[in-house]
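**Q**
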Amino acid sequence: MSGISLRNIRKSYPGGPQVLHGISLDIEPGEFIVIVGPSGCGKSTLLRLIAGLEACEEGDIIIGGKRANDLAPQDRDIAMIFQNYALYPHMSVRENIAFGLELRGMKKAERHARAEAVAKTLQLEAYLDRKPGALSGGQRQRVAMGRAMARSSSTFLMDEPLSNLDNALRVAMRTEIKELHRQLGATIIYVTHDQTEALSLADRIAVLKDGHLLQFDTPSAIYDRPANRFVAGFLGTPPMNFLAGDQLPDMPGAAGNIVGLRPEALRASFTREAGASLPAKIVLSEMVGADMILHCETPAGRVTAMAPRRDFTAGQEQVWLGYDAAQALFFEAGTGARI
Amino acid sequence: MKREHPLKLALALAAGLLFLSPALYSIVLSFQTADSYYRGGFDFTLGNYRNAVGFYHFARYLLNSVIVSSLVTLLSIGFSTMAAFAFARFRFRGGDFLFGAVVATLMIPSHISLIPNYLTLAKAGLLDSYAGLVLPAISNGFAAFFLRQYIRGIPKALDEAAYMDGATPLKVLWRVIVPLARPAILSMALYVFITEWNNYIWPLVAIGKEDLYTLQIGLARLYHNNPGEGLIDWPLVMAASTLTLLPVLAGFLLVERHLVRGITMGAVK
Ligand SMILES: Nc1ncnc2c1ncn2[C@@H]1O[C@H](COP(=O)(O)OP(=O)(O)OP(=O)(O)O)[C@@H](O)[C@H]1O
Ligand SMILES: [Mg+2]
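As you go down the protein sequences, you meet chains A and B in turn. Numbering follows my numbering, with no gaps: position 234 of the first sequence is 633. Numbering follows my numbering, with no gaps: position 76 of the second sequence is 602.
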């Protein structure tokens, strides 16, 4: 178990523009960190730097209290799950999982037993003797997972490890990762595009954009008190509504600013209620289980709202969207920073 | 598997026989007495082989050829593979220049280095020895170049995964790169082996002792043995040629199985 500190990391690939612009992060031992951000913002690059597969031209990487910039990957005691799996095509699933143990000198019987135990938790027993070429995408992903899990490393780096699994398997694996984290007490740095994953797994979430760290905080803090408009819009489905403050009635302090309202903070009703509300016309509605997502046209612009499905009758177009100034966030129109 | 048209098959067979015919002809000749060869007719005999192996020491030459070609193949493929791995995967100061130098050696005709090599080995006192036959051949720029290209085609993520699993660079080479490059390495090894097996000029220059003759030298010297007035004992020459040919053929059949059995990729989605 070891903490990881990044100090002002800058990185550019040879001949390319700068990818990371001074990232600083302090990760406690045993913490579960999720990194989110749009495609190409440098998430994989950051993981590769921590792993030692890339070198940064500026900044310090400190692992377990020691500067690790010049440490070879094999000396960092870090297990990594690659975004594209990187399974050894000439080895069976069993050998793939056991390879790391073999390199550490574990006896054959012992490491195969370990590989089989890991395969069992990942529902891979039936495929132990197959080569990766004969597996589906989701199975390969689980083998990649198993390869990292087999070694009890102090730190795990996971680059979108569940992106190719079906929903049921993904939920099961999520529990498995959580359990792994609890059992080993390992530090986990996890990259994902999936918001549910980010919010449910993370002790803290790091939001990256264009190589800048925008916010690094607990899921609830990020959700409730986003640092800026980008973070507010990035986490949460459907995304937060951003409305011009001048157009919203009964919203003190909104003038000249952008007002952010989460869809669930809007109450849709067919009659005008007391309090602040906007008249809206439903242009599109989507069913998502117990709720409906309503896409509405309002005087303040396009707005997305959520409403329980049983309250909602088809065919009706005119609704009122009630809101509460207390649940609104205000952002500076120019910089996007939260006020 | 696709069924071929019978006509296509017949054509392919005919072409195959055409290519094989010189070899078949020489094998048939090798079982004939010199007498019957020159008079016409066919008298079966194993005498040519007995002669070649016994009287003309072809067993010894065969052994020499096997030793030299095997050593050259093992060493040059070993070194080339390591060089190829380094050139394909590591960026180091002067690396591009060194690789350029390796490629440049491909443009030097081998005969140009004949005299310098001879003088070097003479100074080192290695003429007339196995070392003298093997050493000049173990740096093989072509093999290094060819294998580097192949290794570059193997996803680098596999190396990285192995490093994360705790492998050292040599372990990565041995456990990941070599198994995956096996078809290329075996093809290259076969090519190097055959080239060395057929090497004539260098052994001719470097070897004076009859004990160290390779098959090619021995074969060339057979032409001086006459059964009669200015005649060449062709059946004897053909028997010796067949002895020269067979090990290569056997080696090819042995390796070919591995060449065809490709590696199923599936490392990267
Ligand atoms: N080897 C490389 N050489 C040059 N540029 C690279 C290299 N790898 C990545 N990049 C660039 O660096 C930037 C960040 O890439 P990175 O792979 O870290 O993004 P990411 O956040 O992981 O994206 P995704 O979510 O799509 O996986 C991208 O603009 C990419 O084009
Ligand atoms: Mg990525």
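Built from N, CA and C at the ideal position, the CB exists for glycine as well. Note that the structure is a prediction, hence the values are computed from the model and not measured.
Taking the straight line between their C-alpha atoms, what separation do you get for V658/A and F633/A?
**A** Separation of V658/A and F633/A (C-alpha to C-alpha, rounded to the nearest whole angstrom) is 16 angstroms.
**Q** Which one of E686/B, V781/B, A585/B, S552/B has the shortest CA to CA distance from A478/A?
**A** E686/B
**Q** Is any heavy atom of ligand 1 found at a distance shorter than 7 angstroms from the C-beta of G441/A?
**A** yes
**Q** Just to confirm the assignment, what range does the beta strand (DSSP E) spanning F605/B have?
**A** Careful: F605/B lies outside any beta strand (DSSP E), inside the alpha helix (DSSP H) at 584-615.
**Q** Which of helix, strand or coil does DSSP assign to H511/A?
**A** helix
**Q** For S599/A, which three-state DSSP category applies?
**A** It is helical.
**Q** Suppose only complete runs of 4+ residues qualify. What are the alpha helix (DSSP H) ranges in the segment 499-558 of chain A, listed by chain order?
**A** If we require 4 residues or more, the alpha helix (DSSP H) runs fully inside the segment 499-558 of chain A come out as 507-520, 536-549.
**Q** Against chain A, does V781/B count as a neighbour if the rule is that its beta carbon must be under 8 angstroms from one of theirs?
**A** no
**Q** Quick check: what's the CA-CA separation for L544/B versus P681/B?
**A** 43 angstroms
**Q** Just the Cα atoms here: how many angstroms apart are N577/B and G566/B?
**A** 21 angstroms
**Q** Would you say R708/A lies against chain B (beta-carbon separation less than 8 angstroms)?
**A** no
**Q** Just to confirm, is the Cβ distance from R546/A to I496/A under 8 angstroms?
**A** By the CB criterion at 8 angstroms, R546/A and I496/A fall inside the cutoff.
**Q** How far does the alpha helix (DSSP H) with V628/B in it reach, from first residue to last?
**A** 621-631
**Q** Verify the CB distance criterion: does L684/B have a CB-CB separation below 8 angstroms to chain A?
**A** Yes, its Cβ sits closer than 8 angstroms to a Cβ of chain A.
**Q** If you measure beta-carbon to beta-carbon, which residues of the segment 695-719 of chain B are closer than 7 angstroms to chain A?
**A** K697, V702, P705, L706
**Q** Helix, strand or coil: which one does DSSP assign to I553/B?
**A** The answer is helix: DSSP assigns I553/B an H, G or I state.
**Q** May I ask you to report which of helix, strand or coil DSSP gives L448/A?
**A** helix
**Q** Quick check on T670/A: does DSSP put it in helix, strand or coil?
**A** coil
**Q** Using three-state DSSP, classify D476/A as helix, strand or coil.
**A** coil
**Q** Give the secondary structure of D737/B by DSSP, where H, G and I count as helix, E and B as strand, and everything else as coil.
**A** Looking at D737/B - three-state DSSP - the assignment turns out to be helix.
**Q** Can the beta-carbon of T444/A be found less than 8 angstroms from the beta-carbon of E456/A?
**A** no
**Q** Name the DSSP beta bridge partners of N640/A, please?
**A** L660/A
**Q** Looking only at C-alpha atoms, which of G734/B, L550/B, K534/B, N574/B sits nearest to W760/B?
**A** N574/B
**Q** Per DSSP, D425/A is paired with what?
**A** Its beta-bridge partners are S404/A.
**Q** Let me check you understand the geometry: is the CB of Q482/A closer than 7 angstroms to at least one non-hydrogen atom of ligand 2?
**A** yes
**Q** Tell me, please, which residues DSSP counts as bridged to N795/A.
**A** The shown model of chain A, from 400 to 738, leaves out residue 795/A, and the question about it has no answer.
**Q** Select from G421/A, I461/A, Q646/A, I588/A the residue whose C-alpha is nearest the C-alpha of P678/A.
**A** Q646/A
**Q** In terms of alpha-carbon separation, which member of P428/A, T703/A, G415/A lies closest to T554/A?
**A** P428/A
**Q** Just checking my contact of G652/A with F729/A at CB under 8 angstroms: how many whole Å lie between their CB atoms?
**A** 6 angstroms
**Q** So, does the segment 727-734 of chain B touch the segment 631-640 of chain B, judging by three or more C-beta pairs under 8 angstroms?
**A** yes
**Q** By how many angstroms is the C-alpha of I743/B removed from the C-alpha of L527/A?
**A** 54 angstroms
**Q** Roughly how many angstroms lie between the CA atoms of L579/A and P625/A, to the nearest whole one?
**A** 29 angstroms
**Q** Note down, in chain order, each residue of its chain lying with its Cβ closer than 7 angstroms to the Cβ of K530/A, except the 5 sequence neighbours on either side.
**A** P488, S491
**Q** Quick one: what's got a C-beta closer than 7 angstroms to N666/B's C-beta in the same chain, skipping five residues either side?
**A** S602, S606, V718
**Q** Take the Cβ of N566/A as the centre, count every other Cβ of all protein chains shown within 10 Å, and call the residue buried at 16 or more, exposed below.
**A** N566/A comes out exposed.
**Q** Throw me the rounded Cβ distance for the P773/B and V592/B pair, which I believe falls under 8 angstroms.
**A** 7 angstroms
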